[in-house]
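Let me begin by presenting the structure, written as structure tokens, before commenting on it.
There are 2 protein chains.
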Amino acid sequence: MRRAGHNRGAARDALIDLFAIEGCALTPQEIEGRLSSDRPVARASVYRALELLHSLRLITRIDVGDGVARYERAHLDEGHDHHHHHLLCGACGELVGFEDEHLEAVIHELSGRHGFRISEHEVTLRGTCPSCR
Amino acid sequence: MRRAGHNRGAARDALIDLFAIEGCALTPQEIEGRLSSDRPVARASVYRALELLHSLRLITRIDVGDGVARYERAHLDEGHDHHHHHLLCGACGELVGFEDEHLEAVIHELSGRHGFRISEHEVTLRGTCPSCR
DNA sequence: GTGAATGCAAACTCTTTGCATGACT
DNA sequence: AGTCATGCAAAGAGTTTGCATTCAC
Numbered sequence: 000m001r002r003a004g005h006n007r008g009a010a011r012d013a014l015i016d017l018f019a020i021e022g023c024a025l026t027p028q029e030i031e032g033r034l035s036s037d038r039p040v041a042r043a044s045v046y047r048a049l050e051l052l053h054s055l056r057l058i059t060r061i062d063v064g065d066g067v068a069r070y071e072r073a074h075l076d077e078g079h080d081h082h083h084h085h086l087l088c089g090a091c092g093e094l095v096g097f098e099d100e101h102l103e104a105v106i107h108e109l110s111g112r113h114g115f116r117i118s119e120h121e122v123t124l125r126g127t128c129p130s131c132r
Numbered sequence: 000m001r002r003a004g005h006n007r008g009a010a011r012d013a014l015i016d017l018f019a020i021e022g023c024a025l026t027p028q029e030i031e032g033r034l035s036s037d038r039p040v041a042r043a044s045v046y047r048a049l050e051l052l053h054s055l056r057l058i059t060r061i062d063v064g065d066g067v068a069r070y071e072r073a074h075l076d077e078g079h080d081h082h083h084h085h086l087l088c089g090a091c092g093e094l095v096g097f098e099d100e101h102l103e104a105v106i107h108e109l110s111g112r113h114g115f116r117i118s119e120h121e122v123t124l125r126g127t128c129p130s131c132r
């Protein structure tokens, strides 16, 4: 499916496998670490593969404001849309995903009202997780 | 009002003045540029003042995913809450703010349902602005 | 006068790029 | 064989930190 003019290679394969397993957001560092325990992958290859997958809309980039990028697979499976957003704990840094169809509905409705043609949206809630309260 | 144990200085004064004028998100680079046309302010002082104001909750940090931080004054005035979110044009990079009380209501309602105590939230819509269509 | 804020410059981290090597088709 | 992905190392950008100086109280 990604034979949209791109070959496969060790780094890309490994990245795809990782995203198939891991559902939520990962930083490039985490990705490099996980991959290197199996077969070492150069940092540059991680970034290049991430860029490619992102441009093909197979992964989503998330930025919670700590200066590092995070990526997770795009949840665009036909039928049930597993699109989700994130809760970030300011104390321990835990990042968890959540879905809310009401929120999606409001954003979708909103999208028609500002002259922009909206293609993506991102919602981040910050606070304190149950364990850190 | 920010005599919460902090003195004033040229850099902080200038930053506060700037945020009083400029309502929407600015990057540290933009801030340094604007301030330097008046009285030069060192980059380090910009970052330090931003950190301070942010820790005092007087400004908000926004990250739209392009690798640079943005800050704008916190719209927490009593009475009318001018809290807003952002539309980002992927083509020209323009960033504009919008308010939507319906969206706020949904997020507020949502906040009680995940065990987290939510203190902030951030919504970014990405797409194409009218001029870039 | 004392302590805190500022400026300068160097250090650090994350990310990107150039170029040669190696792999996939 | 030819093309494209990978690895390594160096470059680039944004941000942070150390230390001496200057300013605010």
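Residue numbers (numbering that gives the first Met the number 0), protein chains in the order written: chain Z, 0 to 132; chain R, 0 to 132.
Ideal Cβ placement from N, Cα and C applies to all residues, glycine included.
Would you mind stating whether residue i and residue j have Cβ atoms separated by less than 7 Å?
i, j, result
"residue 58 of chain Z", "residue 51 of chain Z", "no"
"residue 86 of chain R", "residue 95 of chain R", "yes"
"residue 30 of chain R", "residue 45 of chain R", "yes"
"residue 99 of chain R", "residue 109 of chain Z", "yes"
"residue 123 of chain Z", "residue 88 of chain Z", "no"
"residue 56 of chain R", "residue 18 of chain R", "no"
Residues of chain Z with CB closer than 8 Å to the CB of residue i, please, in chain order.
i, result
"residue 128 of chain R", "114, 115"
In whole angstroms, what separates the C-alpha of residue i from that of residue j?
i, j, result
"residue 74 of chain R", "residue 14 of chain R", "16 Å"
"residue 38 of chain R", "residue 10 of chain R", "9 Å"
"residue 27 of chain R", "residue 112 of chain R", "36 Å"
"residue 49 of chain R", "residue 70 of chain R", "8 Å"
"residue 130 of chain Z", "residue 91 of chain R", "42 Å"
"residue 23 of chain Z", "residue 43 of chain Z", "22 Å"
"residue 35 of chain Z", "residue 47 of chain Z", "16 Å"
"residue 54 of chain Z", "residue 93 of chain R", "20 Å"
"residue 97 of chain Z", "residue 65 of chain Z", "20 Å"
So what does residue i bridge to, in DSSP terms?
i, result
"residue 127 of chain Z", "R:116"
"residue 86 of chain R", "R:95, R:124"
"residue 58 of chain Z", "Z:72"
"residue 25 of chain R", "R:70"
Identify the contact partners of residue i in chain R, using a Cβ-Cβ distance below 7 Å as the criterion.
i, result
"residue 132 of chain Z", "116"
"residue 101 of chain Z", "105"
"residue 94 of chain Z", "Ordered by position in chain R, no residue passes the 7 Å Cβ test against residue 94 of chain Z, which lies about 11 Å from the chain."
Measure how close the beta-carbons of residue i and residue j come, nearest whole angstrom, since I'm counting them as under 8 Å.
i, j, result
"residue 83 of chain R", "residue 106 of chain R", "Their Cβ separation, rounded to whole angstroms, is 13 Å, which puts residue 83 of chain R and residue 106 of chain R out of contact at 8 Å."
"residue 132 of chain Z", "residue 125 of chain R", "That belief does not hold up - the Cβ atoms of residue 132 of chain Z and residue 125 of chain R are roughly 33 Å apart, past 8 Å."
Using a cut-off of 9 Å between C-beta atoms, extract the partners of residue i located in chain Z.
i, result
"residue 123 of chain R", "62, 119, 120, 121, 122, 123"
Using a C-beta to C-beta distance shorter than 9 Å, which residues of chain R count as neighbours of residue i?
i, result
"residue 35 of chain Z", "None at all; the shortest Cβ gap to chain R is about 24 Å."
Residues of chain Z with CB under 7 Å from residue i, in chain order?
i, result
"residue 86 of chain R", "113, 115"
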